[in-house]
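Residue numbers (the numbering used here): 7 to 958.
Virtual Cβ for every residue (Gly too), placed ideally from N, Cα, C.
Just so we're clear, the structure is a prediction, and the values are computed from it rather than from any experiment.
The structure appears right after this line, and notes come after that.
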Amino acid sequence: MAAMTLIDLGPIAQKLGLPVGGVDAVVRLLDEGNTVPFLTRYRRDQTGGLDEVEIRRIAEAVAKARQIADRKQTILRTIKGQGKLTETLEQRIEAATSTKQLEDIYLPFKPRKLSLAEIARQRRLEPLAREILSADPAAADLDKRAADFIDTDGQVATVADALLGVGHIIADVFAERADVRQALRAILSKQAHLTSQRVETEGKALSKDEKHYRDYFKYSEHIQRIPPHRALAINRGERARLLKVRIEGPIDEMQAAAEALLIDPAHPHAEFLRGCARDSVTRLVLPSLEREVRREITEYCEGHAVAVFARNLRNLLLQPPVSGKRVLALDPGFKSGCKAVVVDECGMPLEHAVLPIIGQKEKREASGARIVELVQKHSVNVIAVGNGTAGRETETLVAELVTGPLQETDVAYCVVNEAGASVYSTSAYAREELPNHEAAVRGAVSIGRRLQDPLSELVKIEPANIGVGLYQHDVKARHLNASLDAVVESCVNYVGVDANTASPALLRYVSGLNQTMAKGFQEWRAKNGAFTSRAQFLEVPGFGEAAHVQAAGFLKITGGSNPFDSTWIHPESYEVAAKVLERLGGTSEDLTNRQRAGALAEKAAALDLPSLAEEFGVGRLLLSDIVDQLARPGRDPREDLPQPFFKKGVLKLEDLQLGMELHGAVLNVVDFGAFVDIGLHDSGMVHISQLSRKFVGDPHDIVSVGQIVKVWVLEIDKNRRRVALTMIQPGSPDPRDGGRGPRGRRGQQGQAEGGAPAEGSTASRPPRRRPEGAQGQQPSGGGQSAGGRSEQGRGRGGDQGRPPRASSSTGGAPAGGGRSQGEGGRPPRSLGGRRDQQRSSQPAMGRVYESKKTGRDAAPITKAQIEGKEPLRTFGALKQLFTTLNDPPVAEPVPAAKPEKAKRKPAPEAPETPVSGATDLSGGEVPPAQVPTPAPEAPSEPAADQSDPPAV
């Protein structure tokens, strides 16, 4: 084993808020080759009871500290080799605590590229630069002294050439000053904005790709407030060469700060040095710091995206299995039809069919009859419906069958996330497991198995292909894969595996095993049959003592020769476990009997663990774990989680009512809330402000993917078929005494700010900025801006539990509710209204939005207008003319009454256009001649709108 770099663990422990002894023990045990899952479960006494998250944080912090320590040694060796290492410089390098500080110190000693300053040095102008910087009297007359450096070969032909080269050298020296870079970095950190503009293409209309980024064409956001999904979207637009991205800071303030550090006002050449400082800041320092800031923003946003993906993936993997059930798996599709496969209790396919559900009524009815036949023939218990293309149409048919022909069978159905099923269907695992079936059938089988045992099935797919992330395709593959593999490893070892049934895909994630050993387990079982003892693991080729220590406790054997082999108790602790059983008056055979195991649990509760641990000479935490296992032998931790959400019918948008209570499964969790499947075609949205009455900084603290939650309908938008939900029960008391403060940045990251669109979609743009002075329009759950004004909410739906594409409109009535202009009053606080407004004791229900006629009748046109003697002022009048000319003659129209002058209102509901003229923004009347008159010819078709829009 390579020698590990020595580092001081004190600062790491202090930064993480953990005891130094625990950190030291974790580092020592990890360096000895132990895995994180092994330390978490079987070395708790040594680590002080640190959990897996804390151990992984220690491992990550130590890796970074060692990387910095290694870099220090490299820099010291390089500078020492140049003969420039001084005691002071060495102390500065050793005291550096970050990579930034190290690189700032090392910058003057790096191998130089062929820059303008280096060219000037090659022309022997550096002595003059030193004289100027040191205020040498020899350079008192700068022009005269510069003339001495003019050479005959033409490289420095004039005094101006000499001073220009000297300026480049001095600017380079200034740029390498660590204190200057740190000062300018601090200014950028506080005041810089990330801006993006469109890459100009003269004479060309917006392409399809450009339209996806059109709201980033003039975009600016403070670097500390830009949401991760926006930064990643901007990066994508820049990679597509559609956006120009800059970091803009207060250049005048930065130049002043640099001059204060670099130039003595009394210096004889202060003015010349100021020019060099300005050149250094604008040409050298600022571009370098811009790249640094962009890199830091990207790294932070990628880390955030990975964290979101990891949390969602963990919750998906740990969904409780539905074991012992026969499943009819349906993989929906349009053109190719719906693939139906019946899988038995062990996940093996029994029969399959292709059903044309979408299309003609006769085919749909025949497909329904075929589903009924498969269910009855194979005694199916559950129908698993994939949530992909045509998933809702398939679910509707299944719901009709469950409540109709299959009502007496007591069969239910469940919607299953099918992300990655197509990837599995063509993988080597799928071809090996199901060699006699085509890819479409394998994909359907995977959907059924995901319901039976999500963890065992999902490990066969690369984690990045499971679509529960946030812009995961914008993250570096190495970073994403390493993090997600750690999540899968954690989940597998948290649940444990059956050594006799686990696939190599599952076994490879077990602590201490790799792909080769996992394959060896499968080959051993094929040759020798099932394992009957954990000791037999040592017979697997390549599985030695070290691997046995790390892996044995996570590999369980049901029905083996030793009942302890089916528990979490490690073989090294069997002797202690037997002593505990003896103290309880039981034997190992009691572990196989549920009733006797329950009796042991009652006796175990009365044990004095501290004194018993001292008597047996073991740690208290280890003894506590052993007693827990004896009380609940072989417990699957997923048993304590909510079971999958089974349905008996389908819900329609028309069935919803405000305040209706529903149950649903969380499909996806993002920064601005959660998407919940309540049985509609599109998932409902619970905004972050509607997750709890308490302040919610991170939605993952409240909900997780796969969780079954109770929600209430907050708002319904029938036009856009979107539903806003709340998890705050109507009528529930509000525990807060005072008003709720602004959500600040978190509120601004809501869907009102262009919440992250579905991964893989092209809707990358944020919402357009609302013009200053516009009335606040607040939908349900809208975030609260820093100024207290509610931002408008975006869509609430989204296929597969992902955010919908961002709407291109920001004006008019908000999608999710809120007040119309002119109604007076702001929305209640539960909808994101002002903090000083009185709060109700329950979340205020929004509105049901639906397209309606305005109810205003257009003024009848006159006879003169019909005869063409007077112009038509509106499209409504034009429609009347068309109707009059095509209908039988009627009585002469009544002349239109002169409209009243529009009263000034703060926000009129809908302005009416006068016939005689228009009204300008100041309230005055525009002469009729300024109102364009439409052509007198009637259109080929009547206008569909019954209202009278303004003349155009």
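### Residue range of the beta strand (DSSP E) that includes Arg201
Residue identity differs from the one stated: residue 201 is Thr in this sequence, not Arg. Segment 199-204, the beta strand (DSSP E) holding Thr201.
### Query
With distances taken from CA atoms, which of Asp51, Ile81, Asp30 is nearest Ile632?
Asp51
### Task
On the DSSP bridge assignment, give the partners of Leu249 in chain order.
Arg204
### Task
Tell me whether Gly565 sits in a helix, a strand or coil according to DSSP, three-state version.
Of the three classes helix, strand and coil, the one that applies to Gly565 here is coil, per DSSP.
### Query
In its own chain, which residues sit with a C-beta less than 6 Å from the C-beta of Leu647, not counting the 5 before and 5 after it?
Pro326
#### Entry: is_contact[Val33, chain D] using C-beta, thresh 8 Å
Absent here is chain D; the protein component of the structure consists of one chain.
### Query
Are the Cβ atoms of Val582 and Phe622 separated by less than 8 Å?
yes
### Query
So Gly171 packs on Arg129, CB below 8 Å; how close in whole Å?
The pair is a contact, with the Cβ atoms about 6 Å apart (cut-off 8 Å).
### Query
Are the beta-carbon atoms belonging to Arg602 and Gly592 less than 8 Å from one another?
yes
### Query
Among Lys78, Met733, Thr105, Pro639, which residue has its Cα nearest to the Cα of Gln97?
Lys78
### Arg245 versus Tyr222 - alpha carbon distance
14 Å
### Query
Does DSSP put Phe527 in a helix, a strand or coil?
helix
### Query
Between the Cα of Ser316 and the Cα atoms of Leu361, Val388, Cys497, Ser385, which residue gives the shortest distance?
Residue identity check: residue 316 is Ala in the sequence provided, not Ser. Cα-wise, what sits closest to Ala316 is Cys497.
### Query
Within 10 angstroms of its Cβ, does Ile257 collect 16 or more other Cβ (buried), or is it exposed?
exposed
### Query
Three-state secondary structure (DSSP) at His228?
strand
### Query
Grouping DSSP H, G and I as helix and E and B as strand, with all else coil, what is Val1017?
The question about residue 1017 has no answer, for the chain in this structure spans 7 to 958.
#### Entry: Identity of the residue in Ala372, Lys367, Pro736, Trp530 nearest Leu361 by Cα
Ala372
### Query
Are there 16 or more other CB atoms within 10 angstroms of the CB of Val59, so buried, or fewer, so exposed?
exposed
### Task
Within the same chain, show all residues whose beta-carbon is closer than 7 Å to that of Arg191, passing over the 5 residues directly before and after it, in chain order.
Leu295
### Secondary structure of Phe681, DSSP reduced to three states
In the structure shown, Phe681 sits in a strand (DSSP, three-state: E or B).
### Query
Which whole-angstrom value is the C-beta distance of Gly55 and Pro25, which I expect to be below 8 Å?
Gly55 to Pro25, Cβ: 10 Å. No contact.
#### Entry: Buried or exposed (CB count within 10 angstroms, at least 16 for buried), Arg83
Residue burial is scored here from C-beta neighbours: Arg83 has fewer than 16 other C-beta atoms within 10 angstroms and is therefore classed as exposed.
### Message
Let me confirm a value: Asn534 is counted as buried when at least 16 other C-beta atoms fall within 10 Å, else exposed. Which label applies?
### Response
exposed
### Query
Leu690 by DSSP, collapsed to three states: which one?
With the sequence shown as reference, residue 690 is identified as Gly, and Leu is not the correct amino acid for it. It is a strand residue.
### Query
Among Gln521, Lys654, His693, which has the Cα closest to the Cα of Val391?
Lys654
### Pairwise C-alpha distance: Glu414 and Val42
Answer to the nearest angstrom: the Cα atoms are 50 Å apart.
### Query
To the nearest angstrom, how far is it from the Cα of Trp718 to the Cα of Phe652?
19 Å
### Task
Would you check whether the ligand PLP has a heavy atom nearer than 7 Å to the C-beta of Tyr306?
The ligand PLP is not part of this structure, which contains no ligands at all.
### Task
Please name the residue or residues paired with Pro355 in a DSSP beta bridge.
Val349
### Task
Go ahead and label Gln871 buried or exposed: buried means 16 or more other beta carbons lie within 10 angstroms of its beta carbon, across all protein chains shown.
buried
### Query
What are the start and end residues of the beta strand (DSSP E) that includes Thr732?
728-732
### Buried versus exposed, by CB contacts within 10 Å (16 or more), Phe340
With fewer than 16 Cβ atoms within 10 Å of its Cβ, Phe340 is classed as exposed.
#### Entry: For Ile156, three-class secondary structure by DSSP
coil
### Cβ-based neighbour list, Gln20, same chain, cut-off 7 Å, excluding 5 preceding and 5 following
none
### Message
So the candidates are Ile467, Leu606, Ala536, Leu486; which of them puts its Cα closest to the Cα of Ala961?
### Response
Here the chain has residues from 7 to 958 only, and residue 961 is not among them.
### Query
Which parts of the stretch 555-640 are runs of the alpha helix (DSSP H), unbroken and 4 residues or longer, counting only runs that do not cross its ends?
580-590, 600-610, 615-622, 626-637
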